[in-house]
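Chemist: For the sequence shown, my numbering begins at 182 and goes up steadily by one. Here a beta-carbon is modelled for each residue, glycine too, at the ideal position from N, C-alpha and C. Note that the structure is a prediction, hence the values are computed from the model and not measured. Take this structure, written in structure tokens, and hold onto it; I'll ask about it next.
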Amino acid sequence: MVLELMTVGAAKFFYQENTLISVVAGERGSRYVRTKDAILCERSDGISPASLLACELSGTVNVAASSNKLWGFTYTPYGLRFETSLQATRLSFNGEYLLPWVEIYLLGGGYRAYSPCTMRFISPDSISPFHVLNAYSYCGSDPVNNADPSGHIRESHLLKFKARFTVVKKSMAEMVAYAETVQKLSSKTRLKDAEVLMSNAKQGIQRAYVHAAPARDWLVGKVGNPKYADKVNAIEQVLDGSDKYYRKLQEALDSAFAVSQARWALNESALEREALAAKEAVNHSEALDDLKRIRS
Numbered sequence: 182m183v184l185e186l187m188t189v190g191a192a193k194f195f196y197q198e199n200t201l202i203s204v205v206a207g208e209r210g211s212r213y214v215r216t217k218d219a220i221l222c223e224r225s226d227g228i229s230p231a232s233l234l235a236c237e238l239s240g241t242v243n244v245a246a247s248s249n250k251l252w253g254f255t256y257t258p259y260g261l262r263f264e265t266s267l268q269a270t271r272l273s274f275n276g277e278y279l280l281p282w283v284e285i286y287l288l289g290g291g292y293r294a295y296s297p298c299t300m301r302f303i304s305p306d307s308i309s310p311f312h313v314l315n316a317y318s319y320c321g322s323d324p325v326n327n328a329d330p331s332g333h334i335r336e337s338h339l340l341k342f343k344a345r346f347t348v349v350k351k352s353m354a355e356m357v358a359y360a361e362t363v364q365k366l367s368s369k370t371r372l373k374d375a376e377v378l379m380s381n382a383k384q385g386i387q388r389a390y391v392h393a394a395p396a397r398d399w400l401v402g403k404v405g406n407p408k409y410a411d412k413v414n415a416i417e418q419v420l421d422g423s424d425k426y427y428r429k430l431q432e433a434l435d436s437a438f439a440v441s442q443a444r445w446a447l448n449e450s451a452l453e454r455e456a457l458a459a460k461e462a463v464n465h466s467e468a469l470d471d472l473k474r475i476r477s
């Protein structure tokens, strides 16, 4: 777990895997609790309790709730936040940290400053090719469909959708593969071996389903989003399929195990009898050898 430190004036920013996790500015320290895909809350020294954050697909913070207070935030397409109070949270547009008083976002772990007021970067990209017409342009002048967390290159929100959709589909395929390890067992399988495979299959299905949980939650949040109106059917189908796979495959495993359990038990008993007979034969042979040695 590698932490990276970036200093701006008296403020220190701590990053883990290019994700902001803590800020220390003067006597105030803020810590952020996140999953891979979402910001959950912010805890700041001197402010109790923590602020719970509600974010949209891009990570933009829309609502902050703390104790009996509720803050709602609205933005221009380029990320200028109309609510000026930063008491609840300084995380704002696309989940980026908004520097107080100067209205600037530090993208790429502090590599490049972006001003939502002027709708452009303050400095050109250090790796920008020479043929770029506007080295200060933000998201190719299309911040509605893109983001630029690195400060180097814009990322389409559609790519995020495809990535999460793929995660859920892959988890469904993994669940099927785990179930098949039991469903395809031979009738000659021993009961003990079947029990081990059954346990492994159920654990594997559970892991695959849980691993895709953040992606499913992300997709659930897009069902009512106008940007994804043409994808609602696909989203609902994959979400429904994921839940059904998880439930039905485990039921199918239990059914397959119940049907074959008696046969597998007979196989195990037969193998145990064969092993016992072989052991007795070895013991008998050794006894005869001992008797021959005594007589000689």
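(1) Could you check what DSSP says for residue 427 in three-state terms: helix, strand or coil?
(2) Would you tell me roughly how many angstroms separate the C-alpha atoms of residue 426 and residue 207, rounded to the nearest one?
(3) Can you look up residue 202 in the DSSP assignment and give me helix, strand or coil?
(4) Looking only at its chain, what residues have a beta carbon closer than 6 angstroms to the beta carbon of residue 255, apart from the 5 residues adjacent to it on each side?
(5) Report, in whole angstroms, the separation of the C-beta atoms of residue 247 and residue 231, which I expect to be a contact under 8 angstroms.
(6) Which residues mark the beginning and the end of the beta strand (DSSP E) in which residue 315 is found?
(7) Take residue 447 as the anchor and find which of 396, 375, 348 has the nearest alpha-carbon.
(8) Looking at residue 244 and residue 251, is the spacing between their C-beta atoms short of 8 angstroms?
(9) So for residue 261, helix, strand or coil by DSSP?
(10) Does DSSP put residue 326 in a helix, in a strand, or in coil?
(11) Pull up the CB-CB distance for residue 288 and residue 332, whole angstroms please, since I reckon it's below 8 angstroms.
(12) Tell whether a beta-carbon distance below 8 angstroms holds between residue 400 and residue 335.
(13) List the whole-angstrom C-beta distance separating residue 127 from residue 240, where the pair is believed to meet the contact cut-off of C-beta under 8 angstroms.
(14) Would you mind listing the alpha helix (DSSP H) stretches within the stretch 372-416 that are 4+ residues and don't spill past its ends, in chain order?
(15) Taking one C-beta from the stretch 366-381 and one from the stretch 432-441 each time, how about it: are there three or more such pairs within less than 8 angstroms?
(16) Checking 8 angstroms against the spacing of the C-beta atoms, do residue 212 and residue 203 come in under that value?
(17) Taking just the CA atoms, how far does residue 280 sit from residue 392?
(18) How big is the Cα-Cα spacing for residue 163 and residue 216?
(19) Under a three-way DSSP split, which group does residue 341 fall into?
(20) Among 354, 284, 371, 405, which residue has its Cα nearest to the Cα of residue 389?
(21) Please report the distance separating the alpha-carbon of residue 413 from that of residue 404.
(22) How long is the line joining the alpha carbons of residue 423 and residue 317, rounded to whole angstroms?
(23) Quick one: what's got a C-beta closer than 6 angstroms to residue 274's C-beta in the same chain, skipping five residues either side?
(24) Where does residue 474 land, buried or exposed, given buried means 16+ other C-beta within 10 angstroms?
(25) Reducing DSSP to helix, strand and coil, say where residue 420 ends up.
(26) Following the continuous beta strand (DSSP E) through residue 219, name the residue where it begins and the one where it ends.
(27) For residue 233, which residues in the same chain have their Cβ closer than 8 angstroms to its Cβ, ignoring the five residues on either side in sequence?
(28) So, are the CB atoms of residue 430 and residue 358 less than 8 angstroms apart?
(29) For residue 320, count neighbouring C-beta atoms within 10 Å of its own C-beta (all shown protein chains included) and say buried if the count is 16 or more, exposed if not.
(30) Hey, how far is the Cα of residue 434 from the Cα of residue 339?
(31) If I follow the unbroken beta strand (DSSP E) through residue 303, where does it start and stop?
(32) Determine whether the beta carbon atoms of residue 349 and residue 396 lie at a separation below 8 angstroms.
Modeler: Let me spell this out:
(1) Helix at residue 427.
(2) Their Cα atoms are separated by approximately 51 angstroms.
(3) Residue 202: strand per DSSP, three-state reduction.
(4) For residue 255, where only same-chain residues beyond five positions count, the Cβ hits under 6 angstroms are 263.
(5) In this structure, residue 247 and residue 231 form a Cβ contact; the two beta carbons are roughly 7 angstroms apart against a cut-off of 8 angstroms.
(6) Segment: none, residue 315 is in no beta strand (DSSP E) and carries neither H nor E.
(7) Selected option, being the one with the closest Cα: 375.
(8) Pairing residue 251 with residue 244 gives a Cβ-Cβ distance under 8 angstroms.
(9) Residue 261 falls in the coil class under three-state DSSP.
(10) Here residue 326 carries a coil assignment [DSSP, helix/strand/coil].
(11) Right, the Cβ-Cβ distance comes to about 4 angstroms (below 8 angstroms), so this counts as a contact.
(12) Between residue 400 and residue 335, the C-beta gap is not smaller than 8 angstroms, which leaves the two residues out of contact.
(13) Summary: the structure shown does not reach residue 127, with the chain confined to residues 182 through 477, and so no result is reported for it.
(14) As far as the stretch 372-416 is concerned, its whole alpha helix (DSSP H) runs of at least 4 residues are 372-392, 394-401.
(15) With the rule of 3 Cβ pairs closer than 8 angstroms, the stretch 366-381 counts as touching the stretch 432-441.
(16) In contact: residue 212 and residue 203 (Cβ atoms closer than 8 angstroms).
(17) For residue 392 and residue 280, the distance between alpha carbons rounds to 34 angstroms.
(18) With the chain represented from 182 up to 477, any question about residue 163 goes unanswered, as that position is not in the structure.
(19) Secondary structure of residue 341 (DSSP, three-state): helix.
(20) Comparing Cα-Cα distances from residue 389 to each of 354, 284, 371, 405, the minimum goes to 354.
(21) Their Cα atoms are separated by approximately 6 angstroms.
(22) If I take the Cα positions, the gap works out to 43 angstroms.
(23) So the list reads 241, 256, 260, once near-sequence residues are dropped.
(24) Taking a 10 Å sphere around the C-beta of residue 474, we find fewer than 16 other C-beta atoms and assign the residue as exposed.
(25) Residue state, collapsed to three classes: helix.
(26) Bounds of any beta strand (DSSP E) do not take in residue 219, whose DSSP letter is neither H nor E.
(27) Taken in chain order, the residues that qualify are 221, 222, 245, 246, 247.
(28) Residue 358 is positioned such that its CB atom lies no closer than 8 angstroms to that of residue 430.
(29) Buried is the call here.
(30) Taking the straight line from one Cα to the other gives about 37 angstroms.
(31) From DSSP, residue 303 is part of no beta strand (DSSP E); its letter is neither H nor E.
(32) The Cβ atoms of residue 349 and residue 396 sit closer than 8 angstroms to each other.
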